[in-house]
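Q: The structure is given below, and queries will be raised subsequently.
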Amino acid sequence: MKPTYPPHAVSRLRSARLLRSTRPFLARGGPKGERCGGCRLILSHCLCTLRPVVHTHAGVCLLMAEHETLKPSNTGWLIADVVPDTMAFGWARTEVDPALLAVLADPQWQPYVVFPGEFVTPERVITELLPATTQPTSATSGAGNKRPLFILLDATWPEARKIFKKSPYLTQFPVLSLLPEQLSRYRLRRSRRDDHLCTSEVAAICLGLAGDHAAAQALEMYLDVFTDHYLRAKQQLKVEWEDELHAKLLDLLASTT
Numbered sequence: 250m251k252p253t254y255p256p257h258a259v260s261r262l263r264s265a266r267l268l269r270s271t272r273p274f275l276a277r278g279g280p281k282g283e284r285c286g287g288c289r290l291i292l293s294h295c296l297c298t299l300r301p302v303v304h305t306h307a308g309v310c311l312l313m314a315e316h317e318t319l320k321p322s323n324t325g326w327l328i329a330d331v332v333p334d335t336m337a338f339g340w341a342r343t344e345v346d347p348a349l350l351a352v353l354a355d356p357q358w359q360p361y362v363v364f365p366g367e368f369v370t371p372e373r374v375i376t377e378l379l380p381a382t383t384q385p386t387s388a389t390s391g392a393g394n395k396r397p398l399f400i401l402l403d404a405t406w407p408e409a410r411k412i413f414k415k416s417p418y419l420t421q422f423p424v425l426s427l428l429p430e431q432l433s434r435y436r437l438r439r440s441r442r443d444d445h446l447c448t449s450e451v452a453a454i455c456l457g458l459a460g461d462h463a464a465a466q467a468l469e470m471y472l473d474v475f476t477d478h479y480l481r482a483k484q485q486l487k488v489e490w491e492d493e494l495h496a497k498l499l500d501l502l503a504s505t506t
């Protein structure tokens, strides 16, 4: 039986975006563009039974460009699938969602703007989390510790640079510059640079830095399987449910339930 989940932050943002549309949005693929409301894939390639949900110490805040929520290939959706403490807000240059400002001011969080350090003044750039946001251990109760909140700019690279430059409310926070050791494996959209990671890959690295290793691993595997289903649907190929890729994710699901 297909599992059901309440709408998460990206799903709700997508619904709000569709309500503002002046004409119906029809994604390509499947009879009359029919897609699963839970995973956005065509019905024959639905991924919902493989969705891992892993509670985390860290949170994720997505600032999403205007059309990102409408793209079936968007991977911010995958983050919200896996990480319950995911928040999502649409970005606009002329106005700021008051709910976003409230999240950024919430004392439980230590926000980090995740962005390449080469484009930022050096005094703002860090490559490791602040000690006050480390994962609580047996040696500390975590009292007084803030939880890391990773602010991810979910957009094309030109759009992300614009969001970063045109969002003055983000200038008060440190910029976390990632130094990934592996090149992007994301195959759904082309990038001019191999070291440009998709949003889901960035989130997995951030979760690992925060000590949320189970969630990081789940998100990496989930992205790989999502990519496989998406490309097979596009190429009109059946899903290989018993291959190694699916077996690994199923083993992870079994270990987390």
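Numbering (this note's numbering), first residue to last: 250 to 506.
C-beta atoms are modelled at their ideal positions from N, C-alpha and C, and glycine is treated no differently.
Note that the structure is predicted; figures quoted are calculated from it, not measured.
Could you tell me if residue 264 is buried or exposed, where buried requires 16 or more neighbouring beta carbons within 10 angstroms of its beta carbon?
A: Under this definition residue 264 is an exposed residue.
Q: Can you grab the Cα-Cα spacing for the pair residue 348 / residue 396, in whole Å?
A: Distance between the alpha carbons of residue 348 and residue 396: 18 Å.
Q: Does the Cβ-Cβ distance between residue 345 and residue 400 come in under 9 Å?
A: No, they are not a contact pair.
Q: Taking all protein chains shown into account, decide if residue 289 is buried (16 or more other Cβ within 10 angstroms of its Cβ) or exposed.
A: Classification for residue 289: buried.
Q: Roughly how many whole angstroms lie between the Cα atoms of residue 465 and residue 454?
A: Cα to Cα, residue 465 sits roughly 7 Å from residue 454.
Q: Among the candidates 481, 447, 312, 376, whose CA atom is the shortest distance from the CA of residue 426?
A: That would be 376, whose Cα lies nearest to the Cα of residue 426.
Q: Would you mind reading off the limits of the alpha helix (DSSP H) that contains residue 362?
A: Note, residue 362: premise wrong, no alpha helix (DSSP H); beta strand (DSSP E) at 358 to 363.
Q: When you compare the CB positions of residue 259 and residue 370, do they come within less than 9 Å of one another, or not?
A: Going by C-beta atoms, residue 259 is not nearer than 9 Å to residue 370.
Q: Out of curiosity, what's the CA-to-CA distance linking residue 476 and residue 285?
A: Going from the Cα of residue 476 to the Cα of residue 285 covers about 15 Å.
Q: How big is the Cα-Cα spacing for residue 321 and residue 437?
A: Between residue 321 and residue 437, the C-alpha separation is close to 10 Å.
Q: Using only alpha-carbon positions, find the residue among 415, 491, 295 that is nearest to residue 340.
A: It is 415 whose Cα lies nearest to the Cα of residue 340.
Q: From residue 338 to residue 412, what distance separates their C-alpha atoms?
A: Going from the Cα of residue 338 to the Cα of residue 412 covers about 12 Å.
Q: DSSP beta-bridge partners for residue 338?
A: Answer is 312, bridged to residue 338.
Q: On the three-state DSSP scale, how would you describe residue 379?
A: Residue state, collapsed to three classes: coil.
Q: For residue 422, does the three-state DSSP call read helix, strand or coil?
A: The answer is coil: DSSP assigns residue 422 none of H, G, I, E or B.
Q: Report the three-state DSSP secondary structure of residue 396 (helix, strand or coil).
A: Of the three classes helix, strand and coil, the one that applies to residue 396 here is strand, per DSSP.
Q: Do you know offhand how far residue 493's Cα is from residue 459's?
A: Using only the alpha carbons, I get a separation of about 28 Å.
Q: Taking C-alpha atoms, which residue in 308, 252, 291 lies nearest to residue 483?
A: Nearest of 308, 252, 291 to residue 483, Cα basis: 291.
Q: Can you name, in chain order, every residue of its own chain whose Cβ lies under 8 Å from the Cβ of residue 428, other than the five neighbours on each side?
A: Around residue 428: 376.
Q: Please say whether residue 317 and residue 244 have beta carbons closer to each other than 9 Å?
A: Because the chain is modelled from 250 through 506, residue 244 falls outside the range shown and cannot be assessed.
Q: Using C-beta distances below 8 Å, list every residue in its chain close to residue 445, excluding the 5 sequence neighbours before and after it, in chain order.
A: Correct list, in chain order: 406, 433.
Q: According to DSSP, is residue 500 helix, strand or coil?
A: Helix at residue 500.
Q: Here's the rule: buried if 16 or more other CB atoms are within 10 angstroms of the residue's CB, otherwise exposed. What is residue 326?
A: It counts as buried.
Q: Taking the DSSP output, what are the residues bridged to residue 481?
A: Note: residue 481 sits in no beta bridge, so no partner.
Q: Nearest-angstrom Cα distance between residue 489 and residue 254?
A: Computed Cα separation, rounded: 25 Å.
Q: Classify residue 330 as helix, strand or coil using the three-state DSSP reduction.
A: Helix.
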